[in-house]
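S.K.:
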Amino acid sequence: MAGFDCRNKNTMNEKYLCRSCNLLLRDPVQLLCGHRFCQACIDSQQMILDCILCHEKTNKNEMFSDRGVVKDMTKLNIWCFYCQWTGEFKNYENHLMMKHSNRFVNGNVKNNAFSQIRRLIQNVDECRKQFRMMMEMSERILSQTSPDKTSIEEQNAPDERLPQQENCIASHDGTLLWKIDNVLSRLNGNNNSVLTSSPFYTSPSGYKMCARIYLNGNNIDQSTYASIFLILMHDNCNAILKWPFDFQVIFCLYNLNDSKRHIIESFQTDIKSRSFQRPRSEMNIGSGIPKFFSSSIIQQENSPYVCNDSIYIKIMVTENSIPVSILPKIMSIDPALPVYIQQEMIQKETDKYNIQPCQLKLTLKLRQICNK
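For the sequence shown, position 119 matches number 119 in full-length UniProt numbering, and the numbering has no gaps at all.
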């Protein structure tokens, strides 16, 4: 479905409107250029998206759900397009389904159909042009490349990719330790500031995922902060796994001098979000923390978060939610310990946290009995 229509749409801030259907955003996603669209308005487009406003290109794997805008929109005052109802945006869809279901569904189907037709018409000429260019390029390459040269390049290609994988210590226990090199030059140069980790898994036959970080932020408004996201990936085992993906996700930037000063952020996955449904393409849209850490703490002289122009980030995905207050202790556990020992220590800290309220209640109860 396309976005939501309302009578006071023209009074809304433009950031809440889809740049394609010009309606209030539904399941908003953001492109690399910062412009926002309804998820449905870009679903039918090609893998490489061409923003209709600025024409900056974004790979579908690089767009992400805009959770910040979703949160901001919940309090918007809405005037119903079909009646005199007014209320907050968070209640608008339910009102439409309850009071105007036929008009709401039919209108959205029509809007979605027209939107797709417009995009198809716009893309036909571009597709023809790209096809001709690809054919010409293929002919040139075939005429210039000898079989021996092609064979040598194919043999060397795997070796060239190996160093990129060495910076990630992948696992099958829901954790990823990610070393990011040349971090200062990436921050200052804007080039290669968007990085994607190698895949890791929750178990040997579990969920496949990766992390993506935008060192210069994923939005103009957040350019002084690094943004980090978790991305679910297609895998042969997905058909037998439980969906949606219901886990706690934890990101930690290591302070290399003081473990008590690690930068830690976490969130519980939203099982209604498309980001955490079973992947239908190579990657889902990422979801995570738009403001993970300030770029200034990396750029300052002798930063405790940087060693030899590298930073270290740990990503942990756990089915059993860990209380936020004990995350600093959890992230201070020595990563050199065997996995089963780390898991025992995490369980011990969690149990200790859960026992404390019970002990307090028991103490208060005993005091009441003694006072009697």
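In this text, a Cβ means the ideal position worked out from N, Cα and C, and glycines have one as well.
All values derive from a computational prediction rather than experimental measurement.
Kindly indicate which three-state DSSP category E56 falls into: helix, strand or coil?
M.R.: Looking at E56 - three-state DSSP - the assignment turns out to be coil, as it is neither helix nor strand.
S.K.: Would you decide whether N13 is buried or exposed? Buried here means 16 or more other CB atoms lie within 10 Å of its CB.
M.R.: Counting Cβ neighbours within 10 Å, N13 comes out exposed, since fewer than 16 surround it.
S.K.: Can you say whether I289 is buried or exposed, counting buried as having 16 or more other CB atoms within 10 angstroms of its CB?
M.R.: So I289 counts as buried.
S.K.: Could you give the DSSP three-state label for V339: helix, strand or coil?
M.R.: Helix.
S.K.: Mind checking if P290 is an interface residue toward chain C, Cβ cutoff 8 Å exclusive?
M.R.: The structure shown has no chain C; it contains just one protein chain.
S.K.: Is the separation between the beta-carbon of residue 373 and that of R36 shorter than 8 Å?
M.R.: Residue 373 lies beyond the residue range present for the chain, which begins at 1 and ends at 372; the question has no answer from this structure.
S.K.: For E319, which of D258, S273, K242 has the nearest alpha-carbon?
M.R.: The candidate whose alpha carbon is nearest that of E319 is K242.
S.K.: Look at the alpha carbon of A40 and the alpha carbon of C51, and state the distance between them as a whole number of angstroms.
M.R.: Whole-angstrom Cα-Cα distance: 15 Å.
S.K.: Buried or exposed: Y340, going by 16 or more other Cβ atoms within 10 Å of its Cβ?
M.R.: Flag for Y340 reads exposed.
S.K.: For M63, write down the residues that DSSP places opposite it in a beta bridge.
M.R.: For M63, which the question treats as bridged, DSSP gives no partner whatsoever.
S.K.: Assuming F200 contacts P244 (C-beta within less than 8 Å), just tell me the rounded distance between them.
M.R.: That belief does not hold up - the Cβ atoms of F200 and P244 are roughly 19 Å apart, past 8 Å.
S.K.: Report the option in K99, P28, M97 whose CA atom is closest to the CA atom of T74.
M.R.: Considering only alpha carbons, the answer is P28.
S.K.: Are I263 and L253 close, meaning C-beta to C-beta below 8 Å?
M.R.: Yes; because the gap between Cβ atoms is below 8 Å, this pair is in contact.
S.K.: So, helix, strand or coil for M12, using DSSP?
M.R.: Residue state, collapsed to three classes: coil.
S.K.: Between the segment 290-308 and the segment 210-224, do at least 3 Cβ pairs fall closer than 8 Å?
M.R.: The segment 290-308 is in contact with the segment 210-224.
S.K.: May I ask you to report which of helix, strand or coil DSSP gives R36?
M.R.: R36: strand per DSSP, three-state reduction.
S.K.: Less than 6 Å between C-beta atoms, sequence neighbours within five positions excluded: which residues of the same chain meet that for C6?
M.R.: Correct list, in chain order: I78, W79, F81.
S.K.: What does the alpha-carbon distance come out to for the pair residue 426 and D309?
M.R.: With the chain represented from 1 up to 372, any question about residue 426 goes unanswered, as that position is not in the structure.
S.K.: Whole beta strand (DSSP E) runs in the segment 240-321 with 3 or more residues, listed along the chain?
M.R.: Correct list: 248-253, 263-268, 287-294, 311-318.
S.K.: If you measure from the CB of K15, is any heavy atom of the ligand MG nearer than 7 Å?
M.R.: Ligands in the displayed structure: none, and consequently the ligand MG is not present.
S.K.: If you draw a straight line from the C-alpha of I42 to the C-alpha of L49, how long is it?
M.R.: I42 and L49: Cα-Cα distance of roughly 8 Å.
S.K.: Taking S65 as the reference, give the member of S266, M209, K272 with the closest Cα.
M.R.: For the residues S266, M209, K272, the minimum Cα distance to S65 belongs to K272.
S.K.: Between the C-alpha atoms of L177 and D270, what's the straight-line distance to the nearest angstrom?
M.R.: Each residue's Cα considered, the two are about 24 Å apart.
S.K.: Which word fits F131, buried or exposed, when buried means at least 16 other C-beta atoms lie within 10 angstroms of its C-beta?
M.R.: By the 10 Å Cβ count, F131 comes out exposed.
S.K.: Buried or exposed for C83, going by 16 or more other Cβ atoms inside 10 Å?
M.R.: Label assigned to C83: exposed.
S.K.: If you drop the 5 nearest sequence neighbours on each side, which residues of the same chain put their C-beta closer than 6 Å to that of C54?
M.R.: For C54, where only same-chain residues beyond five positions count, the Cβ hits under 6 Å are C33.
S.K.: DSSP three-state label for Y353, please.
M.R.: In the structure shown, Y353 sits in a helix (DSSP, three-state: H, G or I).
S.K.: Can you give the Cα-Cα distance for Y92 and N8, rounded to whole angstroms?
M.R.: Spanning the two alpha carbons is a distance of roughly 13 Å.
S.K.: Shortest alpha-carbon distance to P338 belongs to which of N94, S171, Y207?
M.R.: Selected option, being the one with the closest Cα: S171.
S.K.: Looking at the unbroken alpha helix (DSSP H) that takes in R207, where does it start and where does it end?
M.R.: The question names Arg, but residue 207 is Tyr in the sequence shown. Premise fails: Y207 is in no alpha helix (DSSP H) and is neither H nor E.
S.K.: When DSSP labels each residue in this structure, what does F4 get in the three-state scheme?
M.R.: Correct three-state label for F4: strand.
S.K.: May I ask you to report which of helix, strand or coil DSSP gives F81?
M.R.: If DSSP states are grouped into helix, strand and coil, F81 belongs with coil.
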